[in-house]
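Input: a single structure, listed below in structure tokens.
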Amino acid sequence: MTTISGNRGPLIEEPLIFEQATPGRCGVDWEKPAAYEDRLGGLRKKGKIGLPDIAEPTVIRHYTRLSQKNVGIDTVFYPLGSCTMKYNPRLNEKTARLPGLSQAHPFQPVSTVQGALELMDQCAHWLKVLTGMPAVAMSPAAGAHGEFCGLMAIRAAIEARGEGDKRLKVLVPESAHGTNPASAAICGFSVESIPANDRGRVDLAALKAKLGPDVAAVMVTNPNTCGLFEDEVLEISKAVHDAGAYFYCDGANYNAIVGRVRIADLGVDAMHINLHKTFSTPHGGGGPGAGPTVLSEALAPFAPVPYVVHDDKGFRLVEHAHESEGKPCGRLKGFHGQFGVMVRALSYMMALGADGLRQCAEDAVLNANYLLAQLKDELTPSFEGPCMHEALFDDRFLKDTGVTTLDFAKALIDEGFHPMTMYFPLVVHGALLMEPTETESKATLDKFVASVKGLARQAKEGNSADAFKAAPIYAPRRRLDETAAARTPVLRWKDQAAE
Amino acid sequence: MSKTYFTSEHEWIKVEGDVGTVGITDHAQGALGDVVFVELPAVGKKVAKGGDAAVVESVKAASDVYSPVSGEVVGANDAIVDQPALVNESPEDGAWFFKVKLSNTSELDGLMDRAAYDAFVAGQS
Numbered sequence: 438m439t440t441i442s443g444n445r446g447p448l449i450e451e452p453l454i455f456e457q458a459t460p461g462r463c464g465v466d467w468e469k470p471a472a473y474e475d476r477l478g479g480l481r482k483k484g485k486i487g488l489p490d491i492a493e494p495t496v497i498r499h500y501t502r503l504s505q506k507n508v509g510i511d512t513v514f515y516p517l518g519s520c521t522m523k524y525n526p527r528l529n530e531k532t533a534r535l536p537g538l539s540q541a542h543p544f545q546p547v548s549t550v551q552g553a554l555e556l557m558d559q560c561a562h563w564l565k566v567l568t569g570m571p572a573v574a575m576s577p578a579a580g581a582h583g584e585f586c587g588l589m590a591i592r593a594a595i596e597a598r599g600e601g602d603k604r605l606k607v608l609v610p611e612s613a614h615g616t617n618p619a620s621a622a623i624c625g626f627s628v629e630s631i632p633a634n635d636r637g638r639v640d641l642a643a644l645k646a647k648l649g650p651d652v653a654a655v656m657v658t659n660p661n662t663c664g665l666f667e668d669e670v671l672e673i674s675k676a677v678h679d680a681g682a683y684f685y686c687d688g689a690n691y692n693a694i695v696g697r698v699r700i701a702d703l704g705v706d707a708m709h710i711n712l713h714k715t716f717s718t719p720h721g722g723g724g725p726g727a728g729p730t731v732l733s734e735a736l737a738p739f740a741p742v743p744y745v746v747h748d749d750k751g752f753r754l755v756e757h758a759h760e761s762e763g764k765p766c767g768r769l770k771g772f773h774g775q776f777g778v779m780v781r782a783l784s785y786m787m788a789l790g791a792d793g794l795r796q797c798a799e800d801a802v803l804n805a806n807y808l809l810a811q812l813k814d815e816l817t818p819s820f821e822g823p824c825m826h827e828a829l830f831d832d833r834f835l836k837d838t839g840v841t842t843l844d845f846a847k848a849l850i851d852e853g854f855h856p857m858t859m860y861f862p863l864v865v866h867g868a869l870l871m872e873p874t875e876t877e878s879k880a881t882l883d884k885f886v887a888s889v890k891g892l893a894r895q896a897k898e899g900n901s902a903d904a905f906k907a908a909p910i911y912a913p914r915r916r917l918d919e920t921a922a923a924r925t926p927v928l929r930w931k932d933q934a935a936e
Numbered sequence: 183m184s185k186t187y188f189t190s191e192h193e194w195i196k197v198e199g200d201v202g203t204v205g206i207t208d209h210a211q212g213a214l215g216d217v218v219f220v221e222l223p224a225v226g227k228k229v230a231k232g233g234d235a236a237v238v239e240s241v242k243a244a245s246d247v248y249s250p251v252s253g254e255v256v257g258a259n260d261a262i263v264d265q266p267a268l269v270n271e272s273p274e275d276g277a278w279f280f281k282v283k284l285s286n287t288s289e290l291d292g293l294m295d296r297a298a299y300d301a302f303v304a305g306q307s
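Those protein sequence lines, which keep their order, are chains R and V. Under my numbering, the first residue of the first sequence is numbered 438, with each subsequent residue one higher. Under my numbering, the first residue of the second sequence is numbered 183, with each subsequent residue one higher.
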């Protein structure tokens, strides 16, 4: 049954703002400007600028309603595996909004931004202490940018050894994030994948067989994308180093081991840290990321510019390769990285302290194992034993039900949860990857478990496939046509009447 | 006279003389779901057995298509670039990906025939 307006109560059917325009309407009462002579030399714009004619209350309602349709960590439980959608403490935001930090400009004289530089230095200091690594490049603006940074440093190190034309290959496990092979390829390496063993970890024998004088680096995510700790990591790093290659660790899942594992002890040469995941800054449309990359003694000289140094005259930035004592691999970004993210990350570190960060990792792992334990009899876990910060299931429990992983995820929307990650990692069939993070209470997890178990039982009882295919029923939109959206995307509003 | 071989990565190759036509199997398209994007190798590109040759992307995942044999690409099926849906409609027929001139026909020896591939797929699920 539908209403005359198409609305369901206050859940407004919201047209695009352009579709709400009324020609001639205006939000403000401008004086007609007096005649004046411009200085544009005949380059004055003559056509319309294309903004909708609209009054202020309509604008306010439009954007407020859109914000109400947003599903995020501030509204629902958001167990999106691999993405670490943990709660972003408001203290971080309060700190980042301090005028001295929010209004600092990168072109200001260094003497006027000593505090900002000290903050960057402090953030770098704690990342080095936590990982045990001697150096960190703060400028990468995202996780994949950090991978790029680490691989550029590795390439520079290999070229400095005179092996630039020999070591042209990077090995990546088949369960890796897609960014790993992409970063390696964009740095000029060819990529070969390493299979997983039946325990969901890197197949050490297969890795060793591929190692040789043509390999520049091996990239391993630890814990990996199946939510499992690579328990042979010490053998892996030894084999990599024995072959003369460098060991890159994808730190996307560092949130599971921060404060528990010193990255340097694993023999890692480079690892990016997603500040927006481990250190709780907003991401996924909510803000930019940041991917500071810690480097080993061997790679430290090749860290990119700029970086902060301090001496008896205070803090300053080393901006150019010729001012550097090392051999920087280049510059990755305008200015010095995502400063606002560094502010939030340092705020998080300071608020929690070393013991608090360690407890975050422990609670993240505990919560994921709680989900695994509660759901393992109703769903089908992909691997034996406990998990780290995320629990991986596959779709064997849906076999012969007519319900797919996608249908199951859509039904969870009606239950009021953001679905888990689906169909990733690719190494298991119809993957359901759940990452509850440390910020969720047992009460929230229990509600989620009740819904997941209930849906699994409905699916298995049979005759429910049609109901699953109809989901979601209670969302602003029902099942979106993902195929049409990908094949024929409409990315820009066009005035139909004008065409 | 042509003969069709299959790989454990779910490609097929139909060989006539020293030219093989490569595509992905019906099982592969079913597992991928609706295909939304295809990237093909340029004619003249050298491909290695087991090396990346093409990309196929569905609503679920992006996957590499590996060349079952080594050789040189001598043709590419642009129709599936324009209409990726063809890969779902006729994966083992009209929606071939590329043609490769084999540099070493003995590489075919390690591949599966239809019966062996069907048994392989049945054993996987």
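Positions of the beta carbon are idealized from the N, C-alpha and C atoms, including for glycine.
TODO: Kindly examine the ligand ADP and report whether one of its heavy atoms sits closer than 6 Å to the Cβ of D706 (chain R).
DONE: You won't find the ligand ADP in this model; it holds no ligand whatsoever.
- [ ] Name, going along the chain, the residues of the region 915-933 of chain R whose beta-carbon falls closer than 8 Å to a beta-carbon of chain V.
- [x] Those residues of the region 915-933 of chain R that come within reach of chain V (Cβ to Cβ, closer than 8 Å) are E919, T920, A923, R924.
- [ ] State the DSSP-derived secondary structure class of S519 (chain R), mapped to helix, strand or coil.
- [x] Reading the first sequence from its first residue, position 82 is the one you call residue 519 (chain R). Coil at S519 (chain R), not helix or strand.
Open item on the list: I'd like the list of long-range same chain contacts for L843 (chain R), defined as Cβ closer than 6 Å, with 5 residues on each side in sequence excluded.
Closed with: Position 406 of the first sequence holds residue 843 (chain R). Cβ within range, chain order: n/a, list empty.
- [ ] In angstroms with no decimal places, state the Cα-to-Cα distance between E493 (chain R) and E451 (chain R).
- [x] Start at 1 with the first residue of the first sequence, and residue 493 (chain R) comes out as number 56. Start at 1 with the first residue of the first sequence, and residue 451 (chain R) comes out as number 14. Taking the straight line joining both Cα atoms gives about 16 Å.
Open item on the list: Between V218 (chain V) and chain R, is the shortest Cβ-Cβ distance under 7 Å, so that the two count as touching?
Closed with: Start at 1 with the first residue of the second sequence, and residue 218 (chain V) comes out as number 36. Interface residue, yes.
- [ ] Between the Cα of H209 (chain V) and those of V:V201, V:E221, V:T189, V:K227, spot the shortest distance and give me the residue it belongs to.
- [x] As a first step, residue 209 (chain V) is located in the second sequence; it is residue number 27 there, counting from the start. Measuring from the Cα of H209 (chain V), the nearest candidate turns out to be V:T189.
- [ ] Please go through the same chain and pick out, in chain order, the residues whose beta-carbon is closer than 6 Å to the beta-carbon of D234 (chain V), but skip the five residues on each side of it.
- [x] For the purposes of this step, residue 234 (chain V) is taken as the residue at position 52 of the second sequence. A distance below 6 Å between beta-carbons, with the five flanking residues on each side excluded, links D234 (chain V) to the following residues of its chain, in chain order: D246.
TODO: Anything in chain R within Cβ reach of V269 (chain V), meaning under 7 Å, just list it in chain order.
DONE: Position 87 of the second sequence, counted from the first residue, corresponds to residue 269 (chain V). Under the 7 Å cutoff, chain R gives no residues; its nearest Cβ is about 12 Å from V269 (chain V).
- [ ] State the start and end residues of the unbroken alpha helix (DSSP H) segment that holds W563 (chain R).
- [x] Residue 563 (chain R) sits at position 126 when you count from the first residue of the first sequence. That run of the alpha helix (DSSP H) goes 551-568.
Open item on the list: Does any residue of chain R have a CB that is nearer than 7 Å to the CB of A243 (chain V)?
Closed with: Within the second sequence, residue 243 (chain V) is the residue found at index 61, counting from 1. Using a CB distance cut-off of 7 Å, A243 (chain V) counts as an interface residue toward chain R.
Task: Closest residue to C686 (chain R) among R:G724, R:L732, R:E852 (Cα-Cα distance) - done: As a first step, residue 686 (chain R) must be located in the first sequence, where it is residue number 249. Nearest of R:G724, R:L732, R:E852 to C686 (chain R), Cα basis: R:L732.
- [ ] Determine, using beta carbons only, whether A758 (chain R) and L835 (chain R) come nearer to each other than 7 Å.
- [x] Locating residue 758 (chain R) in the first sequence gives position 321, where the first residue counts as 1. Locating residue 835 (chain R) in the first sequence gives position 398, where the first residue counts as 1. No, Cβ-Cβ distance for A758 (chain R) and L835 (chain R) is not below 7 Å.
- [ ] Could you pull out every residue in the same chain whose Cβ sits closer than 7 Å to the Cβ of G853 (chain R), ignoring the five residues on either side in sequence?
- [x] Counting from 1 along the first sequence, the entry for residue 853 (chain R) is found at position 416. Only V513 meet the Cβ criterion.
Open item on the list: On the CB-based measure, 16 or more other CB atoms within 10 Å of its CB, does C560 (chain R) come out buried or exposed?
Closed with: Position 123 of the first sequence, counted from the first residue, corresponds to residue 560 (chain R). The residue in question, C560 (chain R), is buried, as its Cβ has 16 or more Cβ neighbours within 10 Å.
Open item on the list: Any beta carbon of chain V sitting closer than 7 Å to that of Y860 (chain R)?
Closed with: Taking the first residue of the first sequence as position 1, residue 860 (chain R) is located at position 423. With 7 Å as the cut-off, Y860 (chain R) counts as an interface residue toward chain V.
Open item on the list: Quick check: V705 (chain R) and M656 (chain R), are their CB atoms within less than 7 Å of each other?
Closed with: Start at 1 with the first residue of the first sequence, and residue 705 (chain R) comes out as number 268. Start at 1 with the first residue of the first sequence, and residue 656 (chain R) comes out as number 219. At a Cβ-Cβ threshold of 7 Å, V705 (chain R) and M656 (chain R) do not count as neighbours.
Task: Within 8 Å of chain V by C-beta, residues of the region 594-621 of chain R in sequence order - done: Within the region 594-621 of chain R, those residues whose Cβ lies closer than 8 Å to any Cβ of chain V are, in chain order, G615.
Task: L736 (chain R) (DSSP reduced to helix, strand or coil) - done: Position 299 of the first sequence, counted from the start, is the residue given in the question as residue 736 (chain R). Of the three classes helix, strand and coil, the one that applies to L736 (chain R) here is coil, per DSSP.
Task: Inter-residue spacing [alpha-carbon to alpha-carbon] between Y515 (chain R) and V677 (chain R) - done: For this step, residue 515 (chain R) is matched to residue 78 along the first sequence. For this step, residue 677 (chain R) is matched to residue 240 along the first sequence. Y515 (chain R) and V677 (chain R) have their alpha carbons spaced roughly 37 Å apart.
TODO: Return the bridge partner residues of I710 (chain R) from the DSSP annotation.
DONE: Stepping through the first sequence from its first residue, residue 710 (chain R) is reached at position 273. I710 (chain R) has R:G688 as its beta-bridge partners, per DSSP.
Open item on the list: Taking the beta strand (DSSP E) that E193 (chain V) belongs to, which residues open and close that run?
Closed with: Walking along the second sequence from the start, residue 193 (chain V) turns up at place 11. Counting along the chain, the beta strand (DSSP E) containing E193 (chain V) begins and ends at 193-198.
Task: When R:L754, R:G774, R:A621, R:N690 are compared against A798 (chain R), the one with the closest alpha-carbon - done: Position 361 of the first sequence, counted from the start, is the residue given in the question as residue 798 (chain R). Ranking the options by Cα distance to A798 (chain R), first place goes to R:N690.
Task: Buried versus exposed call for H747 (chain R) [16 or more other C-beta atoms within 10 Å across all chains shown] - done: Within the first sequence, the letter at position 310 stands for residue 747 (chain R). When all chains shown are included, H747 (chain R) counts as exposed.
Task: Beta-carbon contacts of I262 (chain V) that lie in its chain and below 6 Å, excluding the five residues immediately before and after - done: Looking up residue 262 (chain V) in the second sequence gives position 80. Here the set comprises V220, L268, V269, A277.
TODO: Pull up the DSSP beta-bridge partners for D246 (chain V), would you.
DONE: Counting from one through the second sequence, the residue named residue 246 (chain V) turns up at place 64. Answer by DSSP bridge pairing, in chain order: V:V237.
Task: Cβ pair Y785 (chain R), N444 (chain R) closer than 7 Å - done: The count along the first sequence starts at 1 and reaches residue 785 (chain R) at position 348. The count along the first sequence starts at 1 and reaches residue 444 (chain R) at position 7. It is not a contact, given that the beta carbons lie outside the stated cut-off.
Open item on the list: Within 7 Å of any Cβ in chain V, is that where the Cβ of L869 (chain R) sits?
Closed with: Walking along the first sequence from the start, residue 869 (chain R) turns up at place 432. L869 (chain R) does not count as touching chain V.
Task: Ordered list of alpha helix (DSSP H) runs contained in the region 607-640 of chain R, each at least 4 residues - done: Within the region 607-640 of chain R, the runs of alpha helix (DSSP H) that reach at least 4 residues and sit entirely inside it are, in chain order, 616-623.
Task: C-beta neighbour in chain V for L517 (chain R), strict 7 Å - done: Within the first sequence, the letter at position 80 stands for residue 517 (chain R). No, L517 (chain R) lies away from the interface with chain V (no Cβ there is under 7 Å from its Cβ).
TODO: Output yes if chain V places a C-beta closer than 7 Å to the C-beta of L863 (chain R); else output no.
DONE: Sequence index remark: in the first sequence, residue 863 (chain R) carries index 426 (1-based). Yes, contact with chain V.
TODO: Identify whether V204 (chain V) lies in helix, strand or coil by the three-state DSSP scheme.
DONE: Position 22 of the second sequence, counted from the first residue, corresponds to residue 204 (chain V). Assigned with DSSP and collapsed to three states, V204 (chain V) falls in strand.
Task: Interface residues of chain R facing P266 (chain V) [CB-CB closer than 8 Å] - done: Here residue 266 (chain V) refers to the residue found at position 84 when the second sequence is read from its first residue. What P266 (chain V) touches in chain R: R924.
Task: P530 (chain R) (DSSP reduced to helix, strand or coil) - done: Position 93 of the first sequence holds residue 530 (chain R). At residue 530 (chain R) the sequence reads Glu, which differs from the Pro that was named. Helix at E530 (chain R).
TODO: Express the C-alpha separation of Q545 (chain R) and V652 (chain R) in angstroms, rounding to a whole number.
DONE: For this step, residue 652 (chain R) is matched to residue 215 along the first sequence. For this step, residue 545 (chain R) is matched to residue 108 along the first sequence. Approximately 44 Å, taken between the alpha carbons.
TODO: Count the other C-beta atoms from every protein chain shown that fall within 10 angstroms of the C-beta of Q933 (chain R), then say buried if there are 16 or more, exposed otherwise.
DONE: Along the first sequence, read from residue 1 onward, the residue named residue 933 (chain R) stands at position 496. Using a 10 angstroms sphere on the CB of Q933 (chain R), the tally of other CB atoms stays under 16, which defines it as exposed.
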